[in-house]
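Reminder that position 606 of the sequence shown reads as 843 in the working numbering, one-by-one numbering, no gaps.
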Amino acid sequence: AQETVVVSRDATPVVSAPAPAPGTPAGAPPADAGLAAKAAPVAGFVLHLRRATRSARGPAPAALPPCPASVSADTPACWKLQPMDPSGTTWEAVPAGRGGTRAPESLGASWDEAYRIRQAADAERVEPSFELDESAWGVEDEPAARGGRSRPDKEAAKNDPVWSLKHIRAFDAWNILRGTGRADGEEGASVTVAHPDTGYREHAEFWDADETRSRVLFSKGYDFFGEDQNPFDELDTGGVVPNPGHGTKSGSVIVSPKGKQWPGGGPNEFVTGVAPGARLVPLRVHRSVVHFFPGRLAKAIHEAARGDSTFVRAPTGVVSISMGGAPSWGLWKAVRYAQSRGVIVVSAAGNEVGFVVWPARFKETVAVAATNVECGTWEGSSKGGAVDIAAPGESVWRASTDPGGTDSVGMGQGTTFATATTAGVAALWLDRHRADPKLAELKRKGAVTAAFRDTLRSTSWRPDRPPAGVACATTSWDASKYGAGIVDAAAALSAALPSPPSTRAVEAEEFDDLPLFSTLFPAGTSPETVERRYRRLVRAPSGRAGEAEAELEGEITMHYALDPATRAALDALTAAPEPDDAAFERAREALRARDISQRLRTALQPR
């Protein structure tokens, strides 16, 4: 079997090899030998501590000896421990000192180490933090750059830089806001949007050196990648498929002032943001959208939801996430925390992979698919029951900065822009109700995201009945794949706020149900159904899956995201009526063919 590196109990690398699947010939490589290269190296682990045992220093030193303030190559093996959330229950642990640098690991061995750490630290869950190759899911725009299908821009969009605004009835929404006292160009002025992405560039279309006039609050953000207070996009071209300037592209769609600001190009080459009066706080969480470490995104969401923190120095009402990837308990806790704080999280469904990625797949977010100028759905958009709504995402006008630092304005395609468009509508919606006591109560109850999602869905339009001035080349719509319809900002702003619920949303400090496995099921599936089918899959005893069984959901859902065969087999377990025994055995076989932990392999063995 292919040699890999795992981490020993003292964080020192030791050579090991993944166990081959039953029946694998001696000397044959693992069934997914190429996967380790995609998902390596393991950057560390994320520990989810019990609320009763959380500590200001993190896990017990006996489990993971913390590093001293200064670490060198001669420092004994230790762990760099950093909190990822305000509650102190989620910690990032990165090995350092002697043996801290590791070669690529097998996925299965990494999960076995996570399970060992969980027991040693008496944590609720522990998950590996992989530097996953983002090309596995594709969330960036210009998908052809990473080997995706090249699609020419739509002709009808080329001479109309505001077509996407017409499709969402932004002009009518702005008129509604002017009726509440907003001046022209100040629509959304009471709202700041947190923007975790590649950072910002000084593009004239939405940036100004005078921060009091700039749409980008460049001094208020943070670089979670470089760990400093300068979230400037360095246009890094490293990695498998670089996408420098992605934050500038997506951010411009949200908050660019009306009309042409950039001095270059022709008179029709400009960007007008959906919420031209809102402000943007740039949060650099990665160098490109190629390598995506979910720990940085989770921390950025937590800090944005806190507002006025050391990292995000402005209160925010919306988090716009034009990226996505594998399931993660850390991401789930982050979006659940944001929900409980009354902060709306809008997230991209994904590009070119056919299934909805995370965090969009969590019910605590608003998941957005992409449409085009013809009112059709973009061919590269992810789709499925987790999608809430759709918005313009193909041939959408946006600002751009190339790797050499040259600014331009042009069209892009991807759920990146559908997400940015919807985040802009969220800012307008919050601004519309800024003085309504009911909104304050919704925030207090942690119900703002649900209220906004329900409003978008109930006020959306479909191609068979387009808004005035919108010409559709199609009349079909599949709500089971692309959500309730296309965003209608004016209708959303005209609708009354939903009544606050009787109870408050719960922050995610302790685990309940199966937060990752449940995302594989259609919306509205009962927790009892999810539990029952999960127990059948991993052969857990009757009753609720215990902690030892439930911890396997992270590994299972990761392979769901990475492998089409596993995904198809697990999808068969989520449909009604109850699947038969053969369907469960096919799912186990698909998982056993993967590079999985010994712990999961034991749970999946034939009996």
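Note that CB positions come from ideal geometry on N, CA and C, so glycine has one too.
7 Å Cβ cutoff met for residue i and residue j
i: ASP434; j: HIS404; result: no
i: GLY334; j: ALA314; result: yes
i: GLY630; j: ALA655; result: yes
i: PRO431; j: ALA357; result: For clarity, residue 431 is Ala in the given sequence; the question names Pro instead. No; because the gap between Cβ atoms is not below 7 Å, this pair is not in contact.
i: TRP499; j: ALA446; result: no
i: ARG690; j: GLY722; result: no
i: ARG521; j: GLY416; result: no
i: ALA293; j: ALA726; result: no
i: LEU517; j: VAL593; result: no
i: THR653; j: SER487; result: yes
i: THR686; j: ILE558; result: no
i: GLY661; j: ILE491; result: yes
i: THR449; j: ALA551; result: no
i: GLY222; j: ALA627; result: Limits of the chain in this structure are 238 at one end and 844 at the other, which puts residue 222 out of reach.
i: GLY683; j: SER834; result: no
i: LEU679; j: ALA672; result: no
i: ALA636; j: SER739; result: no
i: ALA394; j: VAL610; result: yes
i: LYS495; j: THR509; result: yes
Rounded straight-line distance, which links the Cα of residue j to that of residue i
i: GLU423; j: ALA515; result: 7 Å
i: SER427; j: SER309; result: 47 Å
i: VAL283; j: GLY501; result: 46 Å
i: ARG287; j: ARG702; result: 51 Å
i: GLU784; j: ARG831; result: 23 Å
i: ASP639; j: ALA716; result: 37 Å
i: VAL363; j: THR327; result: 9 Å
i: LEU568; j: GLY532; result: 7 Å
i: ILE354; j: ARG438; result: 41 Å
i: ARG823; j: ALA351; result: 26 Å
i: ALA732; j: ALA677; result: 17 Å
i: VAL724; j: ALA346; result: 44 Å
i: GLN650; j: LEU472; result: 20 Å
i: THR696; j: LYS317; result: 48 Å
i: ASP625; j: THR312; result: 50 Å
i: VAL775; j: GLY791; result: 13 Å
i: SER456; j: SER565; result: 30 Å
i: THR766; j: ARG772; result: 10 Å
i: ARG246; j: LEU837; result: Low per-residue confidence applies at ARG246: pLDDT is 29, beneath 50, and the placement is therefore not dependable, though the value from the model is reported in the following sentence. Near 20 Å, if we compare the C-alpha coordinates of LEU837 and ARG246.
i: ALA575; j: HIS539; result: 7 Å
i: SER713; j: VAL605; result: 18 Å
i: PRO481; j: ARG770; result: 42 Å
i: ALA535; j: GLY295; result: 17 Å
i: MET648; j: PHE461; result: 29 Å
i: THR711; j: PHE821; result: 40 Å
i: ALA708; j: SER736; result: 35 Å
i: PRO250; j: ALA806; result: Any answer about PRO250 is weak, because its pLDDT of 27 lies below 50 and its placement is not dependable; what the coordinates show is given next. Roughly 34 Å separates the two Cα atoms.
i: PRO843; j: ASP817; result: 15 Å
i: LEU753; j: VAL603; result: 17 Å
i: ARG825; j: TYR797; result: 12 Å
i: MET560; j: SER493; result: 20 Å
Counted within 10 angstroms of its Cβ, other Cβ atoms place residue i as buried (16 or more) or exposed
i: THR658; result: buried
i: SER584; result: buried
i: ALA571; result: buried
i: GLY642; result: exposed
i: GLU464; result: exposed
i: ASP749; result: exposed
i: ASP322; result: buried
i: SER763; result: exposed
i: ARG598; result: buried
i: PRO778; result: exposed
i: THR803; result: buried
i: GLU392; result: exposed
i: ASN588; result: buried
i: GLU815; result: exposed
i: VAL743; result: exposed
Minimum Cβ-Cβ distance from residue i to chain C less than 7 Å
i: VAL767; result: Protein chains in the displayed structure number just one, and chain C is not present.
Inter-residue CB distance, residue i and residue j (contact presumed, cutoff 8 Å)
i: ALA787; j: LEU730; result: Not a contact, Cβ separation roughly 42 Å.
i: THR756; j: ALA623; result: 7 Å
i: LEU789; j: ALA827; result: About 15 Å separates the two Cβ atoms, so there is no contact after all.
i: SER619; j: GLY591; result: 6 Å
i: ALA537; j: THR553; result: Their Cβ separation, rounded to whole angstroms, is 11 Å, which puts ALA537 and THR553 out of contact at 8 Å.
Which ranges does the beta strand (DSSP E) cover as unbroken runs of at least 3 residues, wholly within the stretch 754-831, from first to last along the chain?
-> none
Ordered list of beta strand (DSSP E) runs contained in the stretch 542-578, each at least 3 residues = 555-558
Contiguous beta strand (DSSP E) assignments of at least 3 residues, all confined to the stretch 408-455 | 429-434
At what residue ranges does the stretch 612-665 contain a whole run of the beta strand (DSSP E), taking only runs of 3 or more?
-> 626-629, 633-638 and 644-649
Beta strand (DSSP E) segments (min. 3 residues) lying fully within the stretch 298-344 | 315-320 and 327-333
Return the chain-ordered ranges of every alpha helix (DSSP H) run that is complete within the stretch 698-752 and spans a minimum of 4 residues.
-> 716-719 and 726-731
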